[in-house]
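Its first residue numbered 107, the sequence shown is counted upward by one per residue in this note's numbering. Think of the CB as a built atom: it goes at the ideal place given N, C-alpha and C, for glycine as much as any other residue. Given the structure is predicted, the values throughout are model-derived calculations rather than measurements. Have a look at the structure below before the remarks.
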Amino acid sequence: MNSSPVALDSLDLFGESFVRDPYPTLDLLRESAPVHHHPDTGLWLVSRYRDVREVLLDPVAFLPDNAQQAVTPLTVAALRPLVRSGFSLPPALADNGGPTHHGLRRLVTRFFNAQRVAEAVPLIERTALELLSPVRERLDGRGHCDLVADFARVLPCRVMIELLGVEGADPLTLARWSDASLELFWGRPSPERQVQLAVLAGEFHTWLTERCTGSAAPGSLMAALRDEAPDTATAVAVCYFVLIAGQATTGQLIATVLRRALDDGAAWERAAAEEGFAEAWSEEVLRREPPVTTWRRRAARDVSIGGVQVPAGAPLLLMLMGTGSDPEVFDEPARLCPHRPNARLHLSFGAGRHRCPGALLARTEAAIALRTAARSLPGLMASAGAEPPLLGLLSFRAPTEVTAHRR
Numbered sequence: 107m108n109s110s111p112v113a114l115d116s117l118d119l120f121g122e123s124f125v126r127d128p129y130p131t132l133d134l135l136r137e138s139a140p141v142h143h144h145p146d147t148g149l150w151l152v153s154r155y156r157d158v159r160e161v162l163l164d165p166v167a168f169l170p171d172n173a174q175q176a177v178t179p180l181t182v183a184a185l186r187p188l189v190r191s192g193f194s195l196p197p198a199l200a201d202n203g204g205p206t207h208h209g210l211r212r213l214v215t216r217f218f219n220a221q222r223v224a225e226a227v228p229l230i231e232r233t234a235l236e237l238l239s240p241v242r243e244r245l246d247g248r249g250h251c252d253l254v255a256d257f258a259r260v261l262p263c264r265v266m267i268e269l270l271g272v273e274g275a276d277p278l279t280l281a282r283w284s285d286a287s288l289e290l291f292w293g294r295p296s297p298e299r300q301v302q303l304a305v306l307a308g309e310f311h312t313w314l315t316e317r318c319t320g321s322a323a324p325g326s327l328m329a330a331l332r333d334e335a336p337d338t339a340t341a342v343a344v345c346y347f348v349l350i351a352g353q354a355t356t357g358q359l360i361a362t363v364l365r366r367a368l369d370d371g372a373a374w375e376r377a378a379a380e381e382g383f384a385e386a387w388s389e390e391v392l393r394r395e396p397p398v399t400t401w402r403r404r405a406a407r408d409v410s411i412g413g414v415q416v417p418a419g420a421p422l423l424l425m426l427m428g429t430g431s432d433p434e435v436f437d438e439p440a441r442l443c444p445h446r447p448n449a450r451l452h453l454s455f456g457a458g459r460h461r462c463p464g465a466l467l468a469r470t471e472a473a474i475a476l477r478t479a480a481r482s483l484p485g486l487m488a489s490a491g492a493e494p495p496l497l498g499l500l501s502f503r504a505p506t507e508v509t510a511h512r513r
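Structure representation (structure tokens):
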């Protein structure tokens, strides 16, 4: 194992200082301990672009089966509401290294292919304008607005409901269930908080089970899963993953894209006026500050990663966010450079057979959200004062508020 700097021995992956500004630590890991055993969690942190890519592209040596396991062991009290709801998530997509993965992924990607995303553009634009209308009224009346609660968080949820034909879904309820699931499985909640989150996750699972076993709209994701998934539990697991990834993480991406554009006033104005700028800006934010900051794998055997011996069964934490700032791949990585020639080499959507199937939709929504907001709310800038509160889970990071006012 590499010897690591003393500063890394006390690294708290959930700590305020790391969540607020992870870049110095990510740089230190990549330069001094690119494969580092983290004693607090038992995870092996893999930081260099080339090493992370190698792991992602080899699902035989590096298994995905721990990708969605709870980071913080669940208490008996938290398990009770999950058991009562029949909560069960067999391997489906991100954590599935078995033979069913290909068929399930192929089924899901039918709903996110280029044609479906292109057809969804008017829906995304229309929904964005609809959501921004009351935001503009609040801005005019109060002098400030929050672009997360009323826009970034809701837009992808509304789009997913329409795109996947999900009936009877309230966007805010779906967002609340998704947020609770992310915190329960990727956070460090207290025992009391675990119980609250487990109740919400159980409600989400029950709701999905009812829709995957009952009537579903023809052509909807749930109808397809009901007819083609191996069993109901797997169908529910696919829906659970797709609905969370498709709206919660996309909402996080939109929040970060908006925040960084507001920090750079020129970017906000260019997004409104310059063709292609919103797409280029969103791609750079994906490279430098993605919503999915890490992902997990497990070593199937004793293996060498970047010259470091890692034992069989070792849980790996791939530092996706840090790879986007690897100077071996990206020049001046700390600077957001729209239209960077190799921006799309980033690993923020993963790589290989488990690459995010909704990558195109997420890119499209983020760009439309930025362009539409910049045109609807000209002259906007981030409100001065304290830094915005941040979601700081093991694998997810984004502002939970983006407060802005007009210049």
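> Residues bridged to G498 by DSSP?
Replying inline: R503
> For H208, does the three-state DSSP call read helix, strand or coil?
Replying inline: helix
> With a CB to CB cut of under 7 Å and the five nearest residues on each side skipped, what residues in its chain are close to W374?
Replying inline: A367, L368, A480 and L486
> Just checking, does the segment 354-365 make contact with the segment 278-288 on the three C-beta pairs under 8 Å criterion?
Replying inline: yes
> Do you know whose CA, among Q175, A384 and M266, lies nearest F291's CA?
Replying inline: Q175
>> Just to confirm my understanding: we take L221, look at its own chain, exclude 5 residues before and 5 after, and list those with CB closer than 7 Å. What are they?
In response: Before going further, note that residue 221 is Gln rather than Leu in the sequence given. In the same chain as Q221, and ignoring 5 residues on each side of it, no C-beta atom comes closer than 7 Å to its own.
>> Going by DSSP in three states, P187 sits in which element: helix, strand or coil?
In response: helix
> DSSP puts S410 in a beta bridge; with which residues?
Replying inline: Q415
>> Could you tell me which whole alpha helix (DSSP H) segments of length 4 or greater appear in the segment 405-484?
In response: 426-429 and 465-482
>> Looking only at its chain, what residues have a beta carbon closer than 7 Å to the beta carbon of E236, apart from the 5 residues adjacent to it on each side?
In response: none
>> So, for R294: in the same chain, excluding its five sequence neighbours on each side, which residues have a beta-carbon less than 6 Å away from its beta-carbon?
In response: F120 and T178
>> Bridge partners for V517 per DSSP, in chain order?
In response: The first residue shown for the chain is 107 and the last is 513, placing residue 517 beyond what the model contains.
> To which residues of the same chain is L151 closer than 7 Å at the C-beta, ignoring the five residues directly before and after it?
Replying inline: L135, H142, H144, L423 and M425
>> By alpha-carbon positions, which one of V254, A472 and R259 ends up nearest to E507?
In response: For E507, the nearest C-alpha among the options comes from V254.
>> Just to confirm my understanding: we take L476, look at its own chain, exclude 5 residues before and 5 after, and list those with CB closer than 7 Å. What are they?
In response: Closer than 7 Å at Cβ, skipping near neighbours: V363, L364, A367, A377, A384, W387 and S388.
>> Just list the residues that DSSP pairs R512 with in beta bridges.
In response: L486
> Which word fits R216, buried or exposed, when buried means at least 16 other C-beta atoms lie within 10 angstroms of its C-beta?
Replying inline: exposed
> Is it buried or exposed for N219, if we count other Cβ within 10 angstroms and need 16 for buried?
Replying inline: exposed
> To the nearest whole angstrom, what separates the beta carbons of A330 and A323, a pair I think is in contact under 8 Å?
Replying inline: Not quite, the Cβ-Cβ distance comes to about 11 Å (not below 8 Å), so this is no contact.
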